[in-house]
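J.:
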Amino acid sequence: MDSKIIAAVIAVWVVGVVFAVFYLVLPAEGLGYLVRIAFFHIPVAWVSVLAFLVSAAAAGQYLRTRKRKYDCLSACSAQLGLVFCLLATVSGALFAKLTWGAYWNWDPRQTTVFVLLLIYGAYLALRTAIEEEERRAAVAAVYALLACLTVPFLVFIIPRMYFSLHPEPVFNSAGKVAMEPVMLYVLLAAVGACTALYWLLLTRSVARKTPQSGKGLPI
């Protein structure tokens, strides 16, 4: 399918999600209409995790094959992951200001996502610091794999070990979905739209940096 058609479909999808968030999602108990921020915050947070996982997978492929296309894919995905992680941080800070009175409270989730930003910011700095291409690709690949090991701890495990002002996650400790059906469907649509947008951006980013292939992702 033509990339312009795919982009148009994703654009319509995103517009539909925005419409649903503002016209179908009802105020949540204790949060009111502030719950709408979650329909942006959760999808971008999910995509940041996905992007870091893709970066690590591509890094592993590079170390196995030594093909530069996988280094390119790893770098592009890490860059997008950092952008989406930053969006999650900003939206979380906005939610914190509106609900807790301050943009930053050093809540466990805020603290761990800050550490994650530092880790992947260092990854990009590392890539710019090494000039020799093969050495840069190899060192960056090892770093991406090690950095990815911290993601589940920083995103899922450590924040649950301490008291948090953060609202209960969609899947609570009892393993049940803590959302009304309509809200859940809209959230899933938002996650899907954000994931599709990430994949489109990743494809185009890789295609720009590997113009000789003309096929986008090397997988």
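Mapping the sequence shown onto the working numbering, position 207 (from 1) lands on 207, and the numbers just tick up by one. In this text, a Cβ means the ideal position worked out from N, Cα and C, and glycines have one as well.
Measuring straight from C-alpha to C-alpha, what distance separates methionine 179 and alanine 38?
T.: Taking the straight line from one Cα to the other gives about 12 Å.
J.: Just checking my contact of phenylalanine 114 with leucine 34 at CB under 8 Å: how many whole Å lie between their CB atoms?
T.: Their Cβ separation, rounded to whole angstroms, is 22 Å, which puts phenylalanine 114 and leucine 34 out of contact at 8 Å.
J.: DSSP three-state call for alanine 28: helix, strand or coil?
T.: Reduced to three states, the DSSP call for alanine 28 is strand.
J.: Note down, one range per segment and in chain order, each alpha helix (DSSP H) of at least 4 residues found wholly within the region 3-60.
T.: Whole alpha helix (DSSP H) segments, 4+ residues: 3-23.
J.: Below 7 Å between beta carbons: does that hold for valine 44 and alanine 88?
T.: Yes. Within cutoff.
J.: Enumerate in chain order the residues of its own chain whose CB-to-CB distance from leucine 145 is below 7 Å, with the five nearest sequence positions on each side excluded.
T.: Excluding positions up to five away in sequence, the list reads Ala56, Ala59 and Gly60.
J.: Report all residues from its chain with a CB closer than 8 Å to the CB of isoleucine 10; omit the five preceding and five following residues, and keep chain order.
T.: Same-chain partners within the cutoff: Ala193, Ala196, Leu197 and Leu200.
J.: Run through the region 108-140 for me and flag every whole beta strand (DSSP E) of 3 or more residues, listed as ranges in chain order.
T.: Qualifying beta strand (DSSP E) stretches: none in this window.
J.: Between tyrosine 123 and alanine 140, what straight-line distance do the alpha-carbon atoms span, to the nearest angstrom?
T.: Going from the Cα of tyrosine 123 to the Cα of alanine 140 covers about 7 Å.
J.: Applying the 10 Å Cβ sphere with the 16-neighbour rule, what's the burial state of glycine 101?
T.: Classification for glycine 101: exposed.
J.: Is it right to say leucine 187 is buried, meaning 16 or more other beta carbons lie within 10 angstroms of its own, or is it exposed?
T.: Result: buried.
J.: Taking only the alpha-carbon atoms, compute the straight-line gap between alanine 75 and leucine 82 and give it to the nearest angstrom.
T.: Their Cα atoms are separated by approximately 11 Å.
J.: Tell me, to the nearest whole angstrom, how far the beta carbon of leucine 154 is from that of leucine 116; I am working on the premise that it is less than 8 Å.
T.: Indeed, because the Cβ distance is near 5 Å, the residues count as touching under 8 Å.
J.: Determine the extent of the alpha helix (DSSP H) in which phenylalanine 153 is found, giving its start and end residues.
T.: Taken as a continuous stretch (DSSP letters only), phenylalanine 153 belongs to no alpha helix (DSSP H), as it is neither H nor E.
J.: Determine the burial state of tyrosine 185: buried for a count of at least 16 other Cβ atoms within 10 Å of its Cβ, exposed for fewer.
T.: Its Cβ having fewer than 16 others within 10 Å, tyrosine 185 is exposed.
J.: Apply the 10 Å Cβ neighbour rule to tyrosine 23 and answer buried if 16 or more other Cβ atoms are within range, or exposed otherwise.
T.: With fewer than 16 Cβ atoms within 10 Å of its Cβ, tyrosine 23 is classed as exposed.
J.: I need the DSSP call for glycine 175, collapsed to helix, strand or coil.
T.: With a pLDDT of only 46 at glycine 175, under 50, the local geometry of the prediction cannot be trusted, and no value is derived from it.
J.: Could you check what DSSP says for glycine 101 in three-state terms: helix, strand or coil?
T.: DSSP places glycine 101 in coil when its eight states are reduced to three.
J.: Does the beta carbon of glycine 101 sit closer than 7 Å to a beta carbon anywhere in chain C?
T.: Absence of chain C from the displayed structure is noted, only one protein chain being present.
J.: Can you tell me the Cα-Cα spacing of phenylalanine 171 and phenylalanine 156, whole angstroms?
T.: Low per-residue confidence applies at phenylalanine 171: pLDDT is 46, beneath 50, and the placement is therefore not dependable, though the value from the model is reported in the following sentence. Using only the alpha carbons, I get a separation of about 12 Å.
J.: So tryptophan 199 is in the alpha helix (DSSP H); what residue range does that whole segment cover?
T.: It spans 181-209 - the alpha helix (DSSP H) in which tryptophan 199 sits, taken as one unbroken run.
J.: Cβ of alanine 189 within 7 Å of Cβ of valine 25?
T.: Taking 7 Å as the Cβ cut-off, alanine 189 and valine 25 do not qualify as a contacting pair.
J.: Can you tell which of Ala93, Thr65 and Lys67 has the C-alpha that lies nearest to the C-alpha of phenylalanine 243?
T.: Outside the displayed range of the chain (1 to 219) lies residue 243, so it cannot be described from this structure.
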